[in-house]
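Written below as structure tokens is the structure these notes are about.
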Amino acid sequence: MTDAALVPIGAEWALWPVTALRSAGWPARLVLELADTGTAAGAADRPASDGRASAGRASDRLAAIVRTPRFREAVTWQNLPLMSNWLADYAARLAHGPAPLRHRRKREIQLARYVQRYTVKNDTIGFFGPIAWGRLAPDDPGVVSVHGGGAEASRSVHFEAWAIERLARRWSGDPDIRAHLCPTRDPSAVLLPDRLVLPRRRPVRLDAEEHAVLLHCDGRSTPEQVLRRVRESHPALGFASVLEIRSILARLVERGGARWTLDLPLDDLMETALADRLRALPDSPARTRYLDRLAALDRRRRHLATTRAPEELAERLTGLTTLVEELTAAPAWHGKLTRPDGRGVVWMDTVVDRDVRLGGGAIAELARPLELLLRCCRWITWRVAEETRAAAAAVLGREGSRLPVAMLLAELAPELSPRSSGLLTRVVRELQARVAKILGAGSGEREQRVRSGTIADAWTDAFGAPGPGWTAARIHSPDVMLAAAGEDAANRGDFRWVIGEIHVAVNTLDNRVFVRNQAHPGQIEALVARTFDHGRRFVPAFPTHWPGISARGYPPLTVDVPDRFVYWSLEPQDVLPADVPRIPVARLEAVARDGDVVVVDHHGDPVAPFVEFIGELLSFLVGNAFHPFAPAPYTPRVVIDRVVVNRETWRLTAARMLTGVPAAGGERRLVANLRAGGLCRFVFVWVPGERKPVFCDLDSGLLVGNVLRLVRRLPPEAEVRFQEMLPDFGGLWLCDPRRDRYTSEFRMVAVDGRPGAVT
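If you're matching positions, the sequence shown starts at 545 in this note's numbering and goes up one per residue.
If you want it as structure tokens, here you go:
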């Protein structure tokens, strides 16, 4: 399966033949169990007693969900303290009938949040967000076919990176371990006879002894080996003892010139790397002690993959968490504000038994509208490249004709951050203005329908970029959803596509969670190599402390293409294995040359155009920039051919939403305000400050209460976005053998056939 051909869509674009199928872990109908008449349309005109009775029935149905072991198992994986503090006790009491619950409303809303996540959110985590795979089969005349009923095929449990990093750091401080570790120079630095030149930091001044020692800190030589090599290369220095080497190393570490620790590459098998590092040390009581402790941790991790009973799972997770705390002398559970990802010690991935084929009928209907949207993605990268080049040239114009690359990056840092980038804001607004000009104002209906053939010429003119802005910008990742009443309905032609997101210049399948769990090992690696089969792709060795760095996802990249991917280093500690070559940024300068900004080495020889050199940073910048429709109080559903490219959307301020809402309760009034704004019953809600949207059924007091809780935290002027659920409950095609329906989406990868920058 590794040699499967790309699937053309139009003359210039192709899709990877493999697609990930992301879905909710539970049937969608379960979230409807939370509905009641207390907030339904017209509720304000009915007696309050009717609403209380209906809410009581919803509470009973929620209690039935809580009694389900699988629900408690899922919550235990995500929020062990919640399970330990009160949920396990509440479930035990429910087993004997209705049970009281302290802070009932607050806690039921908290539980409802988990129900909506497990039933209508297409996620990739645990058995409540499982992984499945699909294939694009353009020669198959059908639309969709599914083999397998969705049963669990495999589970794997992995340590969070921070837990293993903390162990490695603590154990590195043991003198019996540290004495045999191989010190390394800062990979971003350049060693000169009298100093170590560091990017964005003051140089480390060196005497002759420090220079000689640092010269041999290559990550492969122990202090004893460094001593032998220094004696050979610098006999006049008269080194007599390894203690002298260790003393100098300690001094260099303190001054930021060297690292002398158990550094590990960032991935989902860091405990294996740590064990390998320890086994490479000379036999000693300390080595044996730490290997035994690591083995004990690993046994507990493996046991978790086979543990299903929620109470037993909670006990085992608690035991593992306690052991990590003992071994690291630090807390092992963190709230989402201090660590948005990896709040616990481990995570779990689950693969389910589903093999989906998307036939030619499905691909043909998606192709033309998707091609138009991909032109927008190409245009975004081209315009961002232009703007970045101009910004870099302006800095050089102010500061001189050449600057260290690290200094130029520091000057451009605000523009390279998605939160503060003025250039990205300008490009997105220009995108939105061009789309609005082509599509016009619409008819005032809630659905605007457009034929691709009608707008194709204007679209091509508006988004006629000559090529992608940088090498990595050849690739984009659409998340698309099939809307049909079932597999049979789709194959009769009764279906449409819905665009969820398009991740610009990012390959969302080049994530460790997908590479590690792919159906045909090696297929993703082969497709990445094929996609970048010419030129060079410059990739930063992402610092481990940068926001968003993850052992599961992007960044960093998972797949390496030898001789094509060139890595450069900006910080002393990064995510790469020690033996991966890196270009030290301290060796590079940016110069104005022939109307461009070019990165050159210390000899003045060109390395790459500046925009190409930082292309991966630009991918990080534009990854979530695909917003072709300008924000407005109301945006209709927009359909091109049979593809929904914009779902019906409303934007309301917190002040408007909370008008007349009492301090206590208030769900009825909030729903009245929302319905007055035209909202439909089923919506996803984006609240400022929240990382992910939440689902809301306006007929569910619990789910409305969750939205109310979030909105009350906002300043009055804050804007909340509501978007219709589409596919809706009648358009969920994915079923299990019991005919229960699931939300789902296909994560695809699109490749631009036009060449980008030449490197």
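C-beta: ideal position from N, C-alpha, C; glycine also.
Just so it is clear, the structure is predicted and the values come from calculations on it, not from any experiment.
Taking 8 Å as the threshold (C-beta atoms), are Q1067 and T1088 in contact? no
Beta-carbon within less than 7 Å of A1016's beta-carbon, same chain only, minus the 5 sequence neighbours each way: which residues are those? A1049, R1081, G1159, E1160 and S1163
Quick one: grab the DSSP three-state call for D1296. strand
Would you mind reading off the limits of the alpha helix (DSSP H) that contains V1205? Careful: V1205 lies outside any alpha helix (DSSP H) and carries neither H nor E.
Select from P685, D897, R844 and L759 the residue whose C-alpha is nearest the C-alpha of I675. D897
Terminal residues of the continuous beta strand (DSSP E) containing T1193? T1193 to T1197
Quick one: Cα of L735 to Cα of M1292, how far? 44 Å
Enclosing alpha helix (DSSP H) for N1217 [first to last residue]: E1211 to A1220
Any idea if L787 is buried or exposed, counting beta-carbon neighbours within 10 angstroms, 16 or more meaning buried? exposed
Return the first residue and the last residue of the beta strand (DSSP E) that Y1111 is part of. F1109 to S1113
With a floor of 3 residues, list each beta strand (DSSP E) that falls wholly inside the segment 972-1052, ordered by position along the chain. 991-994, 1019-1027 and 1040-1047
Terminal residues of the beta strand (DSSP E) in which C1240 lies: V1238 to D1241
Residue(s) in a DSSP beta bridge with G678: T563 and V900
Roughly how many angstroms lie between the CA atoms of R657 and E1234, to the nearest whole one? 13 Å
Other residues of its chain near L808: CB distance less than 8 Å, five sequence neighbours each side excluded: I708, E709, A712, M814, A817, L818 and R821
Could you check whether the segment 1273-1285 touches the segment 1227-1246, counting it as contact only if at least three pairs of C-beta atoms, one from each stretch, sit closer than 8 Å? no
Per DSSP, what kind of secondary structure is T882 in: helix, strand or coil? For T882, the predicted model reports a pLDDT of 49, less than 50, meaning its position is unreliable; a value from the coordinates is still stated below. It is coil, neither helix nor strand.
In chain order, what residues of the same chain have a beta carbon less than 6 Å from the beta carbon of A950, not counting five sequence neighbours either side? P743, R744 and V1129
Element boundaries [alpha helix (DSSP H), containing R648]: R648 to V664
Report the option in I669, F615 and T581 whose CA atom is closest to the CA atom of R1096. I669
Taking the alpha helix (DSSP H) that P829 belongs to, which residues open and close that run? P829 to L848
Distance check for V741 and S945, CA to CA, integer angstroms please. 21 Å
Applying the criterion that 16 or more other CB atoms from any shown protein chain within 10 Å of the CB defines a buried residue, is A1085 buried or exposed? buried
Going by DSSP in three states, D683 sits in which element: helix, strand or coil? coil
Spatially closest choice to T866 from V889, E856, L947 and L848, by CA coordinates: V889
Among all the DSSP beta bridges, which residues are the ones paired with F1082? V1110
With DSSP as the reference, label R1304 as helix, strand or coil. Past the edges of the chain, shown from 545 to 1303, lies residue 1304, and the structure says nothing about it.
For the beta strand (DSSP E) containing I1093, name the first residue and the last one. From DSSP, I1093 is part of no beta strand (DSSP E); its letter is neither H nor E.
Is E1327 helix, strand or coil when you go by DSSP? Past the edges of the chain, shown from 545 to 1303, lies residue 1327, and the structure says nothing about it.
Own chain, CB closer than 6 Å to D718, minus 5 neighbours either side, in chain order: A830
Which of the three DSSP states is assigned to I1127 in this structure? strand
Report back the beta-carbon spacing between E696 and F671 to the nearest angstrom; my notes put them in contact at under 8 Å. 6 Å
Give me, in chain order, the residues of the same chain whose beta-carbon lies closer than 6 Å to that of G1148; leave out the 5 immediate sequence neighbours on both sides. none
Quick one, are the C-beta atoms of R1108 and F1076 less than 8 Å apart? yes
Contacts around A935, its chain only, beta-carbon distance under 8 Å, and the 5 residues preceding and following it disregarded: L956, E959 and L967
Between A602, L917 and P561, which has its C-alpha nearest T581's C-alpha? A602
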